[in-house]
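Going line by line, the protein sequences match chains A and B.
Just so you know, we're using this note's numbering here: the first sequence kicks off at -12 and counts up by one.
Just so you know, we're using this note's numbering here: the second sequence kicks off at -12 and counts up by one.
Backbone N, C-alpha and C fix where the C-beta goes; we use that ideal spot for every residue, glycine too.
First the structure, in the form of structure tokens, and then the observations on it.
Protein chains: 2
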Amino acid sequence: MSQRSRRSSSAVTINEVAARAGVSAMTVSNVLLGRKKVLESTRDAVYQAVEELGYTPNAAARALASASQLRLGLIYRNPQSAFLSAVLVGALIASARLGAQLLIRSCDAENEEATAATLNGLVRSGANALLLPPPFCEIVDRSPELLAAGVPMMALSSGRELTHMPGVRVDDYEAARAMTLRLIALGHRRIALIEGPIQHYASATRLAGYRSALAASEIEEDESLIAKGDFTYDSGLVAAQRLLDLPQRPTAIFGFNDDIAAAVVSEAHRRGIVIPDELSVVGFDDTPIAVKIWPPLTTVRQPIVEISDLATQRLVEALRQPKEGGTTTTVHIPFSIIERESTGPVKP
Amino acid sequence: MSQRSRRSSSAVTINEVAARAGVSAMTVSNVLLGRKKVLESTRDAVYQAVEELGYTPNAAARALASASQLRLGLIYRNPQSAFLSAVLVGALIASARLGAQLLIRSCDAENEEATAATLNGLVRSGANALLLPPPFCEIVDRSPELLAAGVPMMALSSGRELTHMPGVRVDDYEAARAMTLRLIALGHRRIALIEGPIQHYASATRLAGYRSALAASEIEEDESLIAKGDFTYDSGLVAAQRLLDLPQRPTAIFGFNDDIAAAVVSEAHRRGIVIPDELSVVGFDDTPIAVKIWPPLTTVRQPIVEISDLATQRLVEALRQPKEGGTTTTVHIPFSIIERESTGPVKP
DNA sequence: CTGAAAGCGCTTACAG
DNA sequence: CTGAAAGCGCTTACAG
Chain A
-12 MSQRSRRSSS AVTINEVAAR AGVSAMTVSN VLLGRKKVLE STRDAVYQAV
38 EELGYTPNAA ARALASASQL RLGLIYRNPQ SAFLSAVLVG ALIASARLGA
88 QLLIRSCDAE NEEATAATLN GLVRSGANAL LLPPPFCEIV DRSPELLAAG
138 VPMMALSSGR ELTHMPGVRV DDYEAARAMT LRLIALGHRR IALIEGPIQH
188 YASATRLAGY RSALAASEIE EDESLIAKGD FTYDSGLVAA QRLLDLPQRP
238 TAIFGFNDDI AAAVVSEAHR RGIVIPDELS VVGFDDTPIA VKIWPPLTTV
288 RQPIVEISDL ATQRLVEALR QPKEGGTTTT VHIPFSIIER ESTGPVKP
Chain B
-12 MSQRSRRSSS AVTINEVAAR AGVSAMTVSN VLLGRKKVLE STRDAVYQAV
38 EELGYTPNAA ARALASASQL RLGLIYRNPQ SAFLSAVLVG ALIASARLGA
88 QLLIRSCDAE NEEATAATLN GLVRSGANAL LLPPPFCEIV DRSPELLAAG
138 VPMMALSSGR ELTHMPGVRV DDYEAARAMT LRLIALGHRR IALIEGPIQH
188 YASATRLAGY RSALAASEIE EDESLIAKGD FTYDSGLVAA QRLLDLPQRP
238 TAIFGFNDDI AAAVVSEAHR RGIVIPDELS VVGFDDTPIA VKIWPPLTTV
288 RQPIVEISDL ATQRLVEALR QPKEGGTTTT VHIPFSIIER ESTGPVKP
């Protein structure tokens, strides 16, 4: 006892588990990581010891020992949004689990220069991989020369598959198509939509999905039913006013996010238009606001926390594996159509 | 080179900084942590080396070396809420910064048994300190015998100062009082309110703040203006209906959270009551919904991310310091009144 | 299939 | 005021 122990906590360590199971710490590690082939009897003994002792690996030790320095840079904007909260929660949970360090930095401007500056600052602070939510993944994808090469990147919920980096997303095309088809199934023919900003690829992709649904159902498109928006509540209000002023009013409006759909609901209320009897309204994302208005919104659920978590995990994997070109695959997480009370069949 | 280096990354380490500054790694550590007295010249040399090399400490190594196992247990419910997202973001950011491991577990029931079971499970998994958002901090405070002693706890945003544990919160009493006084200053005399559930101390505390403001302004209380709610949008709708049906309608309604206030706005719209000309509506929290309805809500801003971050930090400090009774202080973070367009002077 | 040894990058307790 | 040594709990590369 030449040195007093520095640990006050009596947390169970891998060595105690190993002793209990009658194997080496290495074997415990192998079993837990599932890395090597281990005899079934050995494996069972380890699991039993883990169970009996209530062992939970020390994340810090694991992070330190495994792989190289894992530092992920995350760039964001619009700190108020529910989207960002979800992105942060997913990335933070995955980072903690995988022993990565997350460097978070905001970038308010959406131009190339500001993006490049922020990203390079992140790299200078030690980030060796980058997590890019929109619009940043799309900005970088358009001008890949912005970045010093060699830094793995992962797109998060981009509006379409990108050419220069892998990503994790929902299939916006299929999601918009499915939602539109659902409205058509309810008897709607005049289905308006309110886009997001053109810089976000999601807008164009969802529009294509919408068009494909109309075409499949042999409904002729009406350009006057397509309104501009920028994903904000206010822009939704403006767009809703224009659409509801149309001589031949739409029977359904598809907002490209929930905020926009909420604005439509609000504008409809103001005009005394009854939802869903006279107008069906649907959104996209399934953010908390969807159930905080009346009637609650039918919407496309996009599991952002899960997407962000998986993107973070894939980035860590890319960093740990010897870079042999790296992944370029885009992984698709399933979306779902959540039906609530803002939609109904067309009334004659 | 008997062992090949396992690091591919060229991240700057404390030793490189030490070499550059011409000191030992220990001294670099001391400077960075500000733990011991260090000559100013030494300190400057260290800072310069840190700067030149772009050094960022490796959080995992720091966590492993410093103090004992830092494992914080966080119990939650209502995973959809904006409140929980903010709590998570604050706790996760602080944990990452401080090298603590966060164990997160949900508990849907609000009774003592379920709470105790979940908390004890967390401790069995290695949590050596507990972070308790409402209603859990309040449940435990009422029955402190629920928990095996010796586990430091920290209340997060509790509705009042607790007797058995320290915490970080906003002063709900002063906040509700300030908001009510603001309405009074606008000329309102019939100010209704919609409470939260009684299990949440915040309800009673805010009610007391409201009463104190009325008393200070010599306005007589009217019990019919106090409506029950449970912090959900739906309960707000029901309460708003009752209040707006009153023979002598209130000129202002104070919802004890933003969801409730949003419901009031919605119900007012439905009845064609113009906000703020005929009715002022205010909320509490400043969650994203406050600016996603029309008109946007005047509300009390409660910085949840900051509260959660500080609570996590205090808990880690309590764990690191030799427990000499431990803190029992409740720290108050400032709130602010955010004025938006849902309030206005009383029109005759 | 299994293990002894080295090492990750930092901080602690101690000695000077 | 400063540093040499030990150690945190885990995984890696290697040998058997």
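{"Query": "Exposure of A:Met(-12), with buried meaning 16 or more beta-carbon neighbours within 10 Å", "Result": "Any reading at A:Met(-12) is ruled out, since the residue's pLDDT is 30, under 50, leaving its predicted position unreliable."}
{"Query": "Own chain partners of B:Ala179 with C-beta closer than 6 Å, once the 5 adjacent residues on each side are dropped", "Result": "Leu212, Leu230, Pro237, Ile240"}
{"Query": "Under 8 Å from the C-beta of A:Leu117: neighbouring residues of chain B", "Result": "Here the premise fails: no neighbours, minimum Cβ distance about 14 Å."}
{"Query": "Validate contact between the segment 242 to 255 of chain B and the segment 267 to 286 of chain B using beta carbons, cut 8 Å, 3 pairs", "Result": "yes"}
{"Query": "Residues within the segment 247 to 267 of chain A neighbouring chain B, beta-carbon criterion of under 7 Å", "Result": "Ala249, Ser253, His256, Arg257"}
{"Query": "Same chain, Cβ closer than 6 Å to A:Asn107, five either side skipped, listed in chain order", "Result": "none"}
{"Query": "Cβ neighbours of A:Gly196 in the same chain (closer than 6 Å, five flanking residues each side left out)", "Result": "Tyr160, Ala163, Arg164"}
{"Query": "Sub-8 Å separation of A:Leu85 and A:Val303 beta-carbons", "Result": "yes"}
{"Query": "Every unbroken beta strand (DSSP E) inside the segment 195 to 272 of chain A [3 residues or more]", "Result": "239 to 242, 267 to 272"}
{"Query": "Start and end residues, beta strand (DSSP E) containing B:Met166", "Result": "That residue, B:Met166, is in no beta strand (DSSP E); its alpha helix (DSSP H) goes 159 to 172."}
{"Query": "C-alpha gap between A:Ala73 and B:Ser72, whole angstroms", "Result": "7 Å"}
{"Query": "Chain-ordered neighbours of A:Arg111 on chain B, where CB pairs are closer than 9 Å", "Result": "Gly41"}
{"Query": "Touch test, the segment 113 to 131 of chain A against the segment 293 to 302 of chain A, Cβ-Cβ under 8 Å, three pairs minimum", "Result": "yes"}
{"Query": "CB of B:Ala78 within 8 Å of CB of B:Ser295, strictly", "Result": "yes"}
{"Query": "Selected residue, minimal CA-CA separation from A:Val37, among A:Asn65, A:Val4, A:Arg64", "Result": "A:Val4"}
{"Query": "Residue-level contact to chain B via CB, A:Ser82, 8 Å cutoff", "Result": "yes"}
{"Query": "Per-residue contacts from B:Ile276 into chain A (C-beta, under 8 Å)", "Result": "Pro275, Ile276, Lys279"}
{"Query": "One or two residues paired with B:Ile62 in a DSSP bridge", "Result": "B:Arg92"}
{"Query": "Which listed residue (B:Leu266, B:Gly154, B:Thr274, B:Ile206) has its alpha carbon closest to that of B:Thr317", "Result": "B:Gly154"}
{"Query": "Burial state of A:Ala172, where buried means 16 or more other Cβ atoms lie within 10 Å", "Result": "exposed"}
{"Query": "Option in B:Gly41, B:Arg92, B:Val157 with minimal Cα separation from B:Phe322", "Result": "B:Val157"}
{"Query": "The segment 89 to 96 of chain B / the segment 136 to 155 of chain B touching (three or more Cβ pairs under 8 Å)", "Result": "no"}
{"Query": "Test: A:Leu51 CB closer than 8 Å to a CB of chain B", "Result": "yes"}
{"Query": "Interface flag, B:Gln88 vs chain A, CB-CB below 8 Å", "Result": "yes"}
{"Query": "The segment 264 to 277 of chain B contacting the segment 28 to 37 of chain B, beta-carbon criterion three pairs below 8 Å", "Result": "no"}
{"Query": "Sequence-distant residues of its chain with Cβ nearer than 7 Å to B:Arg(-7) (five each side left out)", "Result": "At B:Arg(-7) the pLDDT is 45, less than 50, meaning the model places this residue with poor confidence; the figure from the coordinates comes in the next sentence. Within the same chain, B:Arg(-7) has no close Cβ partners at all."}
{"Query": "Beta-ladder partner(s) of A:Ala179, from DSSP", "Result": "A:Ile240"}
{"Query": "Sequence ranges, beta strand (DSSP E) only - wholly within the segment 273 to 331 of chain B, length at least 3", "Result": "285 to 288, 317 to 319, 323 to 325"}
{"Query": "Interface flag, B:Ser145 vs chain A, CB-CB below 8 Å", "Result": "no"}
{"Query": "Any chain B beta carbon closer than 8 Å to A:Ser72", "Result": "yes"}
{"Query": "Where the beta strand (DSSP E) through A:Gly86 begins and ends", "Result": "Element bounds for A:Gly86: n/a, residue is neither H nor E."}
{"Query": "Interface flag, A:Ile324 vs chain B, CB-CB below 8 Å", "Result": "no"}
{"Query": "Continuous beta strand (DSSP E) stretch holding B:Ala116: start and end", "Result": "116 to 119"}
{"Query": "Per-residue contacts from B:Leu79 into chain A (C-beta, under 8 Å)", "Result": "Leu75, Val76, Leu79, Ile80, Ala83"}
{"Query": "Residue range of the unbroken beta strand (DSSP E) whose run includes A:Ala154", "Result": "The amino acid occupying residue 154 of chain A in the given sequence is Gly; Ala does not appear at that position. Unbroken beta strand (DSSP E) run through A:Gly154: 154 to 156."}
{"Query": "Selection of the segment 97 to 110 of chain A by Cβ proximity to chain B, strictly under 9 Å", "Result": "none"}
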